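Residue numbers (the working numbering): 310 to 788. Below: one structure, written as structure tokens.
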DNA sequence: CGCTAGCGATACTC
DNA sequence: ACTCGTCGCTAGCG
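Okay, here's the thing in structure tokens:
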């Protein structure tokens, strides 16, 4: 998933923070990750169709952690699937079915612990489970959206437009989608590692100084992403070095063709170039839902070519009409079939409701939230939260908890500019030098035979040239 | 020596 | 044809 090895390589520019840093701000959450983690403890029940609310409890536990810190969660779900990911999806499906079969056999032969192991490997987050969670969120008054397709693009859109201040996720694709601030690896105490786009130039291991957004994206795609496997023998480090030296994909491919270390044929690279462009366009122009206008938009607007001479853009998926979009993206219709869901609560949602009701009995939730002392958070090397668990949030029907009188200090904190960050200038100034202004070849200039390399370059540039037609407004829009 | 790619152990717990 | 794992270790490549 995502860009292999990217998060590991970006650790040095990340900052360990607690989610409470986002107090009084909206934060968008990649809900799939939380759902998936919550499924592991009830994998056997889920595989056998036994109703359970454990996965909902897991997610709501974290939602309540955020609300305890006065952080406003906006939950984002995945929508339909893209044809580009079809092969890998079918592979996963086969693995899941195999693991479920194995688990059932072990269960029948009485080996429960080994069966559990295989059930956990077979965990499958279904749209029905997502729907059960959405019903719960609606009852609890938590805002949420279903992305038209990938949640990553939707999350990045919300962050890039300022609808939310940050994103909580595990997926390195948010870097490729240029989400300005992402909190990774958040644990049950709210501790995680925040990665900011503007801090990438300060990264130690892999240095992105003087990289344009397109160069960062080129690095990500070449390293291998969901939409396109990397070229054999080339992963993150090599991709980064190539982009640093040659900047554009067409130059890189021409260099690779001449490089004797790799034995890429012209056919290989021309085919790759075409798929690369699709991947690039998918990252740039992914369909998203705009919550303000309640319409479908492109993450970055498509270049306005009169008459769509561009060829097909079907890899972006289908652009749904506004009525359908509102039903799907606001959680009232199935993102695959567009069928309206029943308003009847699912078994799992009912189960959660009865459990949380029991926990709440005898206490007024509103009072609890208001009275929860913020210093129930102790700092002992690691922060710990001790007392918010019993404090479920008020249901949607109840009036919102009365806002605590805001002191001058709190208000100032809310309005204070974001933590000091380096100037983004370096990300924007990159002006492309002449075509393929190679500073240095991968191999020594001595091994490279200039004449044949040059001929190939001239011949192929015609094919690689298609790569340049994609204007990327994203470069200038979000710095 | 740097790097890629594959492997096994691992997940969760109010 | 009805939603994505990840981490650390290492063999083996150039």
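Backbone N, C-alpha and C fix where the C-beta goes; we use that ideal spot for every residue, glycine too. Only a predicted model underlies this, so the values are computations on that prediction, with no experimental measurement involved.
Per-residue DSSP class, three states only, for residue 325: Reading the first chain from its first residue, position 16 is the one you call residue 325. Residue state, collapsed to three classes: strand.
In whole angstroms, give me the CA-to-CA distance for residue 572 and residue 317. As a working note, residue 572 is residue 263 in the first chain. As a working note, residue 317 is residue 8 in the first chain. Their backbone Cα atoms lie some 29 Å apart in a straight line.
Have a look at residue 379 and residue 326 and give me their C-alpha separation to the nearest angstrom. Taking the first chain and counting its residues from 1, one reaches residue 379 at position 70. Taking the first chain and counting its residues from 1, one reaches residue 326 at position 17. Using only the alpha carbons, I get a separation of about 16 Å.
Among all the DSSP beta bridges, which residues are the ones paired with residue 604? Stepping through the first chain from its first residue, residue 604 is reached at position 295. Paired residue(s): 599.
Sequence-distant residues of the same chain with beta carbon closer than 8 Å to residue 535, five excluded per side: By 1-based counting over the first chain, the position of residue 535 is 226. Once the five neighbours on either side are set aside, the close Cβ partners of residue 535 are 310, 311, 393, 394, 397, 482.
Over the uninterrupted beta strand (DSSP E) stretch that includes residue 589, give me the two end residues. Counted from its first residue, the first chain places residue 589 at position 280. Here residue 589 belongs to no beta strand (DSSP E); instead the alpha helix (DSSP H) covers 575-594.
Which of helix, strand or coil does DSSP assign to residue 766? Position 457 of the first chain holds residue 766. Unreliable positioning characterises residue 766 in this predicted model, as indicated by a pLDDT of 45, which lies under 50. A coordinate reading is not provided.
Using alpha carbons as the reference points, say which of 372, 439, 521 lies closest to residue 450. Numbered from 1 along the first chain, position 141 holds the residue referred to as residue 450. Considering only alpha carbons, the answer is 372.
Please tell me whether residue 454 and residue 640 are closer than 9 Å, where the distance is taken between their beta carbons. Numbered from 1 along the first chain, position 145 holds the residue referred to as residue 454. Numbered from 1 along the first chain, position 331 holds the residue referred to as residue 640. Yes; because the gap between Cβ atoms is below 9 Å, this pair is in contact.
Less than 9 Å between the beta carbons of residue 505 and residue 350, yes or no? Here the question's residue 505 lines up with position 196 in the first chain. Here the question's residue 350 lines up with position 41 in the first chain. Their beta carbons are not under 9 Å apart, which means residue 505 does not touch residue 350 by this criterion.
If you count every other CB in all the chains shown that lies within 10 Å of the CB of residue 421, and 16 or more means buried, which is it? Position 112 of the first chain holds residue 421. Classification for residue 421: exposed.
Are residue 387 and residue 460 closer than 9 Å when you measure CB to CB? In the first chain, residue 387 corresponds to position 78, counting from 1. In the first chain, residue 460 corresponds to position 151, counting from 1. In contact: residue 387 and residue 460 (Cβ atoms closer than 9 Å).
Given residue 553 as reference, the closest of 488, 628, 517 once Cα atoms are compared: Reading the first chain from its first residue, position 244 is the one you call residue 553. Checked all of 488, 628, 517; the closest Cα to residue 553 is 517.
Would you call the stretch 485-499 in contact with the stretch 456-475, where contact means no fewer than 3 C-beta pairs closer than 8 Å? yes
Could you work out which residue in 456, 452, 428 is closest to residue 274 when comparing CA atoms only? No statement about residue 274 is possible, as the shown extent of the chain runs from 310 to 788 and does not include it.
C-alpha gap between residue 335 and residue 353, whole angstroms: Translated into the one-based positions of the first chain, residue 335 becomes position 26. Translated into the one-based positions of the first chain, residue 353 becomes position 44. Near 35 Å, if we compare the C-alpha coordinates of residue 353 and residue 335.
Quick one: grab the DSSP three-state call for residue 312. Indexing the first chain from 1 puts residue 312 at position 3. If DSSP states are grouped into helix, strand and coil, residue 312 belongs with coil.
Residue of 399, 458, 374, 526 minimising C-alpha distance to residue 341: Residue 341 sits at position 32 when you count from the first residue of the first chain. The option with the nearest alpha carbon to residue 341 is 458.
Is there contact between the stretch 582-601 and the stretch 525-535, where contact requires at least three CB pairs shorter than 8 Å? yes
Compare the C-alpha of residue 343 against each of 355, 322, 368 and name the closest. The residue you call residue 343 lines up with position 34 of the first chain. The candidate whose alpha carbon is nearest that of residue 343 is 368.
Are three or more beta carbon pairs between the stretch 592-603 and the stretch 629-643 nearer than 8 Å? yes
With a threshold of 7 Å on Cβ separation, who are the neighbours of residue 441 within its own chain once the five nearest residues in sequence on each side are excluded? In the first chain, the residue the question calls residue 441 occupies position 132. Here the set comprises 365, 655, 657, 658.
DSSP-derived helix/strand/coil call for residue 556: For the purposes of this step, residue 556 is taken as the residue at position 247 of the first chain. Here residue 556 sits in coil by DSSP.
Which partner residues does residue 339 have in the DSSP bridge list? Here residue 339 is taken as the residue at index 30 of the first chain, counted from 1. Its beta-bridge partners are 385.
Nearest to residue 484 by alpha carbon, out of 564, 662, 313? Walking along the first chain from the start, residue 484 turns up at place 175. Minimum Cα distance to residue 484 is reached at 313.
Which residue's Cα is closest to the Cα of residue 560: 338, 745, 362? Walking along the first chain from the start, residue 560 turns up at place 251. When only C-alpha atoms are compared, the closest one is 745.
How many angstroms separate the CA atom of residue 339 from the CA atom of residue 384? As a working mapping, residue 339 is identified with position 30 in the first chain. As a working mapping, residue 384 is identified with position 75 in the first chain. If you take the alpha carbons of residue 339 and residue 384, they lie about 7 Å apart.
Leaving aside the five residues before and after residue 549 along the sequence, list all residues of the same chain whose C-beta is less than 7 Å from its C-beta, in chain order. One-based indexing of the first chain puts residue 549 at position 240. Excluding sequence neighbours, residue 549 sits near 515, 528.
What are the residues that DSSP puts in a beta bridge with residue 505? Residue mapping note: residue 505 aligns to position 196 of the first chain, counting from 1. According to DSSP, residue 505 bridges with 490.
Compute the distance between the beta-carbons of residue 594 and residue 622, then report whether it is under 9 Å. Translated into the one-based positions of the first chain, residue 594 becomes position 285. Translated into the one-based positions of the first chain, residue 622 becomes position 313. Closer than 9 Å, so yes.
Reference residue 605, options 463, 581, 498, closest by Cα: Indexing the first chain from 1 puts residue 605 at position 296. Here the closest residue by C-alpha is 463.
Just to confirm the assignment, what range does the alpha helix (DSSP H) spanning residue 353 have? Counted from its first residue, the first chain places residue 353 at position 44. Taken as a continuous stretch (DSSP letters only), the alpha helix (DSSP H) holding residue 353 covers 352-356.
Rounding to the nearest angstrom, what Cα-Cα distance links residue 644 and residue 566 in this structure? One-based indexing of the first chain puts residue 644 at position 335. One-based indexing of the first chain puts residue 566 at position 257. Each residue's Cα considered, the two are about 43 Å apart.
On a CA-only basis, which of 478, 356, 513 is nearest residue 503? Give me that one, please. Position 194 of the first chain, counted from the first residue, corresponds to residue 503. If we check each option's Cα against that of residue 503, 478 comes out closest.
Give me the Cα-Cα distance between residue 590 and residue 501, rounded to the nearest whole angstrom. Residue mapping note: residue 590 aligns to position 281 of the first chain, counting from 1. Residue mapping note: residue 501 aligns to position 192 of the first chain, counting from 1. Going from the Cα of residue 590 to the Cα of residue 501 covers about 31 Å.
Residue interval of the alpha helix (DSSP H) (run including residue 543): Translated into positions along the first chain, residue 543 becomes position 234. Premise fails: residue 543 is in no alpha helix (DSSP H) and is neither H nor E.
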